[in-house]
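A.B. asks: Chains as they are written, first to last, in our numbering: chain C, 906 to 1248; chain A, 906 to 1248.
Note that beta-carbon positions come from the ideal geometry of N, C-alpha and C, so glycine has one too.
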C-alpha cells in the first residue's frame, strides 16, 4: 500500500513541472482598515507610519498562522484582533460613539468550507467582538445574536470582558461632540428636522475605519471576517452591514471570501458580499470586475466604500470607490504589501 | 390635449391585439404563513378552515390595493398585517416565546424599484412589526434597528404601541413550557449540555409560522416583506433570517421579490432570497428552478423551509422542502388560491 502510494507520487512528480511539486499550495491574506475620504494631505507622516505599522502587524499575525498550515478562520481572527486592539481603527478599542455616548460594536465571521457563520451586533463589554462572532459560530446553532444577549453569551463562553470605558478614545469622543454640534446647526437652520437627526458622519469624517480580513489557507479553504464600531452618533440600535452575512461578510469555497466597508445601509440593500460571490460563481468574472460591478451597484444608490476579496487560487482584489482605503495583502512569499491612498 | 390622448389610445387599440388593450398590466400577490411539518392528520378540519379563512383575508387585503392601482409595498404590508393580527401565525399576536418568557419580534420589507429597505429585530411593544420595518425604511436613512432602540423609533414615529402581553397566547406559552421540559430531559440525560441549551423547537413543532408576502403592482414594481416571532425558547438575543435583507427578504425589479420561512440560520448562511434573485438575474432560470436550487443549498447544510417568489411578468413560485407550507396567491383575475399541504 505504501509502495503503491510512493510510486503514484513518483509518477506525479515526473509528470508535473518541478515548481508544482516543490511548492506548497498558495496562501493569501488580504485586510482592510476602512475606506473613505482618506487623502495624503490630511494625514501627518507620523500618523501614516502608525497606520502602516499596525496593518503590517495585522498581516504578519495572520500570515504566521497560514504559513504554519493553520486555518483561514484562525488567520482572519488573528489579523482582525490586531486592528480591534489598536485605537487607530473604528473597531474594538477606538470605536466611534453612539448618540448617547456608548460604544456598540458589531462583528461577523464565516467559514467558506462549511458555510458556518457567526455574528454579533450592539455588544458593549466583550473585548474582541470578532471572538464573540466566532463563539456564536462554533458554540451555538445560531448565526446572529444582538445587544445584551450577545454580551451575555460571550461572557458565558469565557471571552475576555472589559469595562465599556476600555473602548473609549478622546479622538472618537471629540468626533461625537462635533457631530452633535453639526446636528444642532442643521436643526437650527433646516426645515427638515427629521433628516437632521441622522447626519451622516461619513460626510465629515476622514475615514470610516471598519476592519476586515479574508484568507485562503493551504488546505484550500476560504474565510472572511469584519468588525466595526458602526456610525458616529448612531441612534435607535442601528445596525450596519458588518454583522450581516451576505452584506458585509461572506465566504464560500465555491467562489470567494469577501469583507466590505463603507456606507453600510447601501451594502445591505445590494447584498454586496454575496453579490460578488454570485457574480464570480455564476458569471465566472475576475475578482476585480465582480468587485467593481458590486461597488457600482452601491454607487447607484449613493453609497461608497470598498471590498477585499480572495478566491481558492489565491487571486485577490482590493477595490474601493472612495479616495482611499487602508489595506494590505500578504501571500506565499511572506512579503507584506500595504497601501492607503487611491492611485 | 384630451383629444390627442384619445387618438393615441385609438391608434394603440388598432395596432395591438384586443386582449392587450382590454387588460391592465398584470398584478400578482403571493403569501406564506410558514413552512414545516404540516400534515393533514395533525390538523382538525376546524383549524384548517380557520387558516384558510385568514390566508384568504390576507390575499384579499393585498389584492384590493393592487387592483386599485396601489403599490406592491402597500399590498405587502396590508397582507402581512392580517397575519400579524391573527393568533394563528408566529408573527405579531401569537408569536412564540423566548427562553425568558418574552415575545421578541422581527420583520423586514423591501421595495424592488428603489432598493429601499427597512427591518427591525427584537421589538416588543410595536403592534405591527411590519409597519416598524416600513418606518425604518421611509423615515430613517437606516435599514436595520434592533431591540429597545427599534421600539423607541417606532413609538416616536406614531406607530400603535401595545403592552407586551398583547402578543401572548396560551398555545405559544404551552409550547415554551414543553420546549423547556424537553430541554431539561436532554440536560439530564445527554453529555452534550451545550447542545441541550438549544433545542430546535422546529423538531417538535407542527409548523414554524413566519409570515411573508411578495407582490407585483400595475406599475411593474416588486416588493417583499417578512414578519416573525422567531424560535420558541430562543436565547441571547438570537435573530433569524426574517429581518435580514438578502436572507429572509429581497426585492429588486431587475429580477424578483422573495420572502422565505424556515430554519433561519441556514437561510442566512446561504443568503436564500438574494441567491434566488442572483440565479434569476445571472442565469435566467425560471422562478421555481431558482427556488429549488436555493432550497437545495439550504438542505445541503441540514436546513428546511420554503420561499415565495414573484417577477415583473407576474410569474410566481411557492416552493418548500418541508411537509407543508401555508400559502396562497391571487392575480389579475382576483381569484384566491390557497394551499397548506405538499402534493
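So which residues on chain A does residue 1053 of chain C lean against when the C-beta distance must stay under 7 Å?
C.D. replies: 1142
A.B. asks: Mapping DSSP to helix, strand and coil, what is residue 1070 of chain A?
C.D. replies: helix
A.B. asks: Which same chain residues, not among the five before or five after residue 1016 of chain C, have their C-beta less than 6 Å away from its C-beta?
C.D. replies: Correct list, in chain order: 978, 1128.
A.B. asks: Quick check: what's the CA-CA separation for residue 1211 of chain A versus residue 975 of chain C?
C.D. replies: 38 Å
A.B. asks: In the DSSP output, what is residue 1224 of chain C paired with across the bridge?
C.D. replies: C:1212
A.B. asks: Would you kindly report the start and end of the unbroken alpha helix (DSSP H) that includes residue 1169 of chain A?
C.D. replies: 1169-1174
A.B. asks: Along the chain, where does the alpha helix (DSSP H) that runs through residue 979 of chain C open and close?
C.D. replies: 977-990
A.B. asks: Output the boundary residues of the alpha helix (DSSP H) element that contains residue 1042 of chain C.
C.D. replies: 1034-1044
A.B. asks: Rounded to whole angstroms, what's the CA-CA distance from residue 1138 of chain A to residue 1001 of chain A? Just pull it up for me.
C.D. replies: 8 Å
A.B. asks: Whole angstroms is fine: what's the gap from residue 1049 of chain A's alpha carbon to residue 1009 of chain C's?
C.D. replies: Cα-Cα distance, rounded: 14 Å.
A.B. asks: Between residue 986 of chain A and the rest of its own chain, which residues show a CB-CB distance below 6 Å, the 5 nearest in sequence each way excluded?
C.D. replies: 1033
A.B. asks: Under 8 Å, with one C-beta from each stretch per pair, do the stretch 1062-1071 of chain C and the stretch 1152-1161 of chain A reach the 3-pair mark?
C.D. replies: no
A.B. asks: Between residue 1026 of chain C and the rest of its own chain, which residues show a CB-CB distance below 6 Å, the 5 nearest in sequence each way excluded?
C.D. replies: 1011, 1051, 1144, 1148
A.B. asks: DSSP state of residue 1013 of chain A, grouped into three classes?
C.D. replies: Annotated three-state conformation of residue 1013 of chain A is strand, per DSSP.
A.B. asks: Suppose the cutoff is 6 Å on Cβ atoms and the five residues either side in sequence are ignored; what does the same chain contact list for residue 1108 of chain A look like?
C.D. replies: Low per-residue confidence applies at residue 1108 of chain A: pLDDT is 45, beneath 50, and the placement is therefore not dependable, though the value from the model is reported in the following sentence. Contacts found: none.
A.B. asks: At a cut of 8 Å, does the stretch 1158-1175 of chain A reach the stretch 1206-1222 of chain A through at least three beta carbon pairs?
C.D. replies: yes
A.B. asks: Where do the ends of the alpha helix (DSSP H) carrying residue 1181 of chain C lie?
C.D. replies: Counting along the chain, the unbroken alpha helix (DSSP H) around residue 1181 of chain C starts and ends at 1177-1188.
A.B. asks: Could you name the residues of the same chain whose beta carbon sits closer than 6 Å to that of residue 1074 of chain A, not counting the 5 residues immediately before and after it, in chain order?
C.D. replies: Shown here for residue 1074 of chain A: same chain residues with a beta carbon closer than 6 Å to its own, the five before and five after excluded, namely 992, 999 in chain order.
A.B. asks: Is residue 892 of chain A close to chain C, meaning its C-beta is less than 7 Å from at least one C-beta of that chain?
C.D. replies: Residue 892 of chain A falls outside the range modelled here, since chain A spans only 906 to 1248, and no answer is possible.
A.B. asks: What did DSSP end up calling residue 1247 of chain C once you bin it into helix, strand or coil?
C.D. replies: coil
A.B. asks: In chain A, what lies closer than 7 Å to residue 1170 of chain C by C-beta?
C.D. replies: 1046, 1047, 1048
A.B. asks: Inspect the beta-carbon positions of residue 1213 of chain C and residue 1171 of chain C and report whether they are closer than 7 Å.
C.D. replies: no
A.B. asks: In the structure shown, what three-state DSSP assignment does residue 1000 of chain A receive?
C.D. replies: coil
A.B. asks: Any residues in the stretch 1185-1219 of chain C with a beta carbon nearer than 7 Å to a beta carbon of chain A? Which ones, in chain order?
C.D. replies: 1187, 1188, 1206
A.B. asks: Taking 7 Å as the CB-CB limit, is residue 1174 of chain C close to chain A?
C.D. replies: yes
A.B. asks: Starting from residue 963 of chain A and walking both ways along the alpha helix (DSSP H), at which residues does that stretch end?
C.D. replies: Counting along the chain, residue 963 of chain A sits inside the alpha helix (DSSP H) bounded by residues 950-972.
A.B. asks: Please list, in chain order, all residues of the same chain as residue 1141 of chain C whose beta carbon is under 8 Å from its beta carbon, the five residues on each side excluded.
C.D. replies: Within its own chain, no residue has a Cβ closer than 8 Å to the Cβ of residue 1141 of chain C once the five positions on either side in sequence are excluded.
A.B. asks: Give me the Cα-Cα distance between residue 1243 of chain A and residue 1202 of chain C, rounded to the nearest whole angstrom.
C.D. replies: Each residue's Cα considered, the two are about 37 Å apart.
A.B. asks: Measuring only the C-alpha atoms, how far is residue 1176 of chain A from residue 1185 of chain A?
C.D. replies: 14 Å
A.B. asks: Give the DSSP-derived three-state secondary structure of residue 1077 of chain A in the structure shown.
C.D. replies: In the structure shown, residue 1077 of chain A sits in a helix (DSSP, three-state: H, G or I).
A.B. asks: Rounded to a whole number of angstroms, what is the C-alpha to C-alpha distance between residue 1238 of chain C and residue 1058 of chain A?
C.D. replies: Using only the alpha carbons, I get a separation of about 52 Å.
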